[in-house]
Each structure stands twice: as C-alpha cells, then as structure tokens.
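Data block below; observations after.
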Amino acid sequence: AQSVTQPDIHITVSEGASLELRCNYSYGATPYLFWYVQSPGQGLQLLLKYFSGDTLVQGIKGFEAEFKRSQSSFNLRKPSVHWSDAAEYFCAVHPRITGNQFYFGTGTSLTVIP
Amino acid sequence: EPEVTQTPSHQVTQMGQEVILRCVPISNHLYFYWYRQILGQKVEFLVSFYNNEISEKSEIFDDQFSVERPDGSNFTLKIRSTKLEDSAMYFCASSGQGGAYEQYFGPGTRLTVT
C-alpha cells in the first residue's frame, strides 16, 4: 500500500544543534516529495520540494533535504537549529503518475530547548 | 507574495448545523483543493476541483460535503449537517498551470462542532 512514514513523532534538540527529520515513502515509482512546516495556529508552509535532478535540495529557512532512491527516503536537515524552528513538520508526496492529492505523513513535532 | 486566504479562522457550530468554509485561492490558479486535519492526526485529502467540477475526491468526502466556486475568486466547502467528528482544521490549497504538483496551502479554518 502507498504510504508516507515519519518514524519520529517528537524530537527535542538544543538550539544550535543539528537536526534531521526522517521521511520514508512507499510508492511504485519515485513520487514528487515535499516538506511542509506548520507553526502553532498557522497553516502549512512549503519548505522545499524535490521533482528530479540533484538529490540534495535547498529550501527556505536554511533547511535542506536529500532524496535517496535506494532507501525511499527524503530526510530533512538543518545544520543549526533556531528556537523559531519549533513547529510541526510534515513530509508529503504526490504520486506523480496519477491523481491530484498529496499524501502526508503523520508529522514530527520539533521542540527546541535553549 | 500571493497567498491563499481562508475565512473564518475559527468556526464553532452545533451538531446538525450547516457550515460553509471559505477560501480565496491564488488569483491565477486553476486547481483547488480541500484537506482536513483532525487534531493530532495527519493531513488528509478531501477533494480537488478543476474547471468547475470535482476532479477527485476521497472516501471522506461523502454526500454531506460539497464544494463550489460561486464566483471568480472564492472556493467554498459546505458541510450540510455537521457531526462531532467533523471537528478539524480544514485547509484550502490551490495550484497553477503546473498542475497538482505545487499546491499552496492556506492558513486553515478550525471547525469545532459541539
């Protein structure tokens, strides 16, 4: 079955530390891949996306993500976390071949401690 | 930067009442979507709309739901007779000529059914 998995429900990091949020997908072909961030009470803001080409993509707010076909993964990273990065992060895919909908993971809640 | 807007930000209604959630997509976009997020759960696709008709809908989108583009700017989601389980955050999204692959999300409407 098609699925998007974010194994980590909640992550806590210290400000200034590095961050990696995991995302794995299960689809027949490589889908389009996205990371969204949702701050408390806010909507979904697109951080970055991968369609094709260079497997390391840069996004806003200093985030990057790496697509690894062999691992069916699209992990989000940031070298140095800021307190304002505390939010919910969602990995999402579009199957590419057909359909209009995005499929979202269950999200990872990030807490940043001083 | 153009953005998707939604009104109201929070709607409280009694069970059995009809509610209409409103969205103003990005002006030159052609595809429109509704998603919902029950508290603590993943974002789920409800429906997509293109060329004045539903192009895709999920199992969640039953006869209690309807969508409409009443004029050139608004896109609405109507729930005819709300149930407690309809309580959720509802996100509108839109995408442009590129199709469903780049969806821009609004800030959401939090619907509380009492």
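Taken in order, these protein sequences are the chains called X and U.
Heads up: take any position in the first sequence, counting from 1, add 4, and you land on this note's numbering.
Heads up: take any position in the second sequence, counting from 1, add 641, and you land on this note's numbering.
Just so it is clear, CB atoms sit at the ideal spot from N, CA and C, and this is done for glycine as well.
Keep in mind the model is a prediction, meaning the values are calculated, not measured.
Alpha carbon of residue i to alpha carbon of residue j, nearest angstrom
| i | j | result |
| --- | --- | --- |
| U/Phe702 | U/Ser735 | 18 Å |
| U/Arg710 | X/Gln42 | 27 Å |
| U/Phe746 | X/Gly111 | 16 Å |
| X/Leu25 | U/Lys724 | 35 Å |
| U/Asn693 | U/Arg721 | 20 Å |
| X/Thr59 | X/Arg73 | 9 Å |
| X/Phe78 | X/Ala21 | 20 Å |
| X/Lys65 | X/Gln105 | 26 Å |
| U/Phe673 | X/Tyr93 | 23 Å |
| X/Pro11 | X/Phe67 | 19 Å |
| X/Gly32 | X/Gly103 | 14 Å |
| X/Tyr36 | X/Phe55 | 5 Å |
| U/Ile667 | X/Arg100 | 22 Å |
| U/Ile695 | U/Gly740 | 15 Å |
Where residue i sits in the DSSP three-state scheme
| i | result |
| --- | --- |
| X/Arg73 | helix |
| U/Ile667 | coil |
| U/Ile661 | strand |
| X/Ser43 | coil |
| X/Ser88 | helix |
| X/Ile3 | Residue 3 of chain X is absent from the structure shown; chain X starts at 5 and stops at 118. |
| U/Glu642 | coil |
| U/Arg751 | strand |
| U/Gln647 | strand |
| X/Glu19 | coil |
| X/Phe55 | coil |
| X/Leu114 | strand |
Buried versus exposed, by CB contacts within 10 Å (16 or more), residue i
| i | result |
| --- | --- |
| U/Met656 | exposed |
| U/Asn669 | exposed |
| U/Trp799 | The structure shown does not extend to residue 799 of chain U, since chain U spans only 642 to 755, so no value can be given for it. |
| X/Ala69 | buried |
| U/Leu680 | exposed |
| X/His98 | buried |
| U/Gly713 | exposed |
| X/Trp39 | buried |
| U/Val653 | exposed |
| U/Glu659 | exposed |
| U/Glu642 | exposed |
| U/Gln744 | buried |
| U/Asp763 | Look at the range of chain U in this structure, 642 to 755, and you will see that residue 763 of chain U is not part of it. |
| X/Gly47 | buried |
| X/Gln75 | exposed |
| U/Ser689 | buried |
| X/Gln1 | Beyond the ends of chain X as shown, which are 5 and 118, falls residue 1 of chain X; an answer cannot be given. |
| U/Gln647 | buried |
Whole-Å CB distance - residue i paired with residue j, under 8 Å assumed
| i | j | result |
| --- | --- | --- |
| U/Phe706 | U/Leu687 | 7 Å |
| U/Ile661 | U/Lys719 | 5 Å |
| X/Ile117 | X/Thr16 | 6 Å |
| U/Ser650 | U/Thr750 | 6 Å |
| U/Val645 | U/Cys664 | 6 Å |
| X/Val61 | X/Leu52 | 5 Å |
| X/Ala96 | X/Phe108 | 5 Å |
| U/Gln682 | U/Met730 | Not a contact, Cβ separation roughly 10 Å. |
Cutoff 8 Å: residue i Cβ touching any chain C Cβ
| i | result |
| --- | --- |
| X/His98 | The displayed structure is made up of protein chains X and U, and chain C is not among them. |
### Unbroken stretches of the beta strand (DSSP E), 3 residues or longer, contained in the segment 675 to 748 of chain U
684 to 691, 694 to 698, 706 to 709, 716 to 720, 729 to 736
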